[in-house]
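S.K.:
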Amino acid sequence: MRHGCKVNHLSRTHSHRVAMLSNMATSLIMHKRVETTLAKAKALRVYVEPLINRSKEDSTHNRRIVFSYLHSKDAVNELFREVSQKIANRPGGYTRILKTGIRKGDNSEMAIIELVDYNENMLKEPKAKKAKTTRRGRGTKKAEDAAPVAETPAAETPAAEEAPKAE
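Counting from 88, one number per residue, gives the positions in the sequence shown under the working numbering.
1. Can you tell me the Cα-Cα spacing of residue 211 and residue 166, whole angstroms?
2. When burial is assigned at 16 or more other CB atoms within 10 Å of the CB, is residue 147 buried or exposed?
3. Between which two residues does the alpha helix (DSSP H) harbouring residue 113 extend?
4. Examine the Cβ distances between the segment 187-198 and the segment 144-159 and report whether three or more of them are shorter than 8 angstroms.
5. What's the C-alpha gap between residue 128 and residue 199?
6. From residue 96 to residue 217, what distance separates their C-alpha atoms?
7. Label residue 175 either buried or exposed according to how many other C-beta atoms from any shown protein chain fall within 10 Å of its C-beta, with 16 as the threshold for buried.
8. Determine the burial state of residue 159: buried for a count of at least 16 other Cβ atoms within 10 Å of its Cβ, exposed for fewer.
9. In the DSSP assignment, find the alpha helix (DSSP H) that holds residue 130 and state where it starts and stops.
10. According to DSSP, is residue 152 part of a helix, a strand, or is it coil?
11. Taking C-beta to C-beta, are residue 121 and residue 107 nearer than 8 angstroms?
12. Around the Cβ of residue 113, are there at least 16 other Cβ atoms within 10 angstroms (buried) or fewer (exposed)?
13. Which first and last residues belong to the alpha helix (DSSP H) in which residue 210 is found?
14. Buried or exposed for residue 133, please, with buried defined as at least 16 other CB atoms from any protein chain shown within 10 angstroms of its CB.
15. Taking the continuous beta strand (DSSP E) assigned at residue 175, which residues delimit it?
16. First and last residue of the beta strand (DSSP E) that includes residue 186?
17. For residue 181 and residue 202, what's the separation of their Cα atoms in angstroms?
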């Protein structure tokens, strides 16, 4: 039984799990997004967010601690130079997990985990939405949507004067 165990072991040994999370964290920092299974994405979020939080303060001690987790000088430099600048005023929640559906081969739930401040599509300001129009029935329009009709009295129309009366 696993009462109180809060770590998802991901069906791997400790050394395999640590190496996999280290590699995924390096890829996330270098490429800003990773596509993986939902369980791995949730485990990666727990692994990488404390490292990103450490990068806010650039000191030798913090760099050595992060390097002991990532084992990549390029990833550490990227994290402390570029990523830390973007997340400097964010109090937490540095990653976002987006579910993408299921994998066809084994029916696993797939997800994309990405750094929040690097998704340009979500950072754009939303465009002003059009007023929602609904069709309530056939041929009925709202008064302000209808085109203005020229008002002409019936006596002044030439068709009314020239039309012969049928007896």
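Ideal Cβ positions, reconstructed from N, Cα and C, are used throughout, including at glycine.
Bear in mind the structure is a predicted one, so any value in this text is a computation, not a measurement.
M.R.: Put simply:
1. Taking the straight line from one Cα to the other gives about 24 angstroms.
2. It is exposed - the Cβ of residue 147 has fewer than 16 other Cβ atoms within 10 Å.
3. Per DSSP, residue 113 belongs to the alpha helix (DSSP H) from 101-118.
4. Segments in contact, no.
5. Between the alpha carbons of residue 128 and residue 199 lies a gap of roughly 7 angstroms.
6. Their backbone Cα atoms lie some 48 angstroms apart in a straight line.
7. Exposed, since its Cβ has fewer than 16 Cβ neighbours within 10 Å.
8. Only buried fits residue 159, as 16 or more other CB atoms lie within 10 angstroms of its CB.
9. That run of the alpha helix (DSSP H) goes 125-141.
10. In the three-state reduction of the DSSP assignment, residue 152 falls in the helix class, which pools H, G and I.
11. No, these two residues do not count as a Cβ contact at 8 angstroms.
12. Flag for residue 113 reads buried.
13. Note, residue 210: alpha helix (DSSP H), 207-210.
14. Burial call: exposed.
15. Counting along the chain, residue 175 sits inside no beta strand (DSSP E), nor does DSSP assign it H or E at all.
16. Its beta strand (DSSP E) spans residues 182-189.
17. Taking the straight line from one Cα to the other gives about 6 angstroms.
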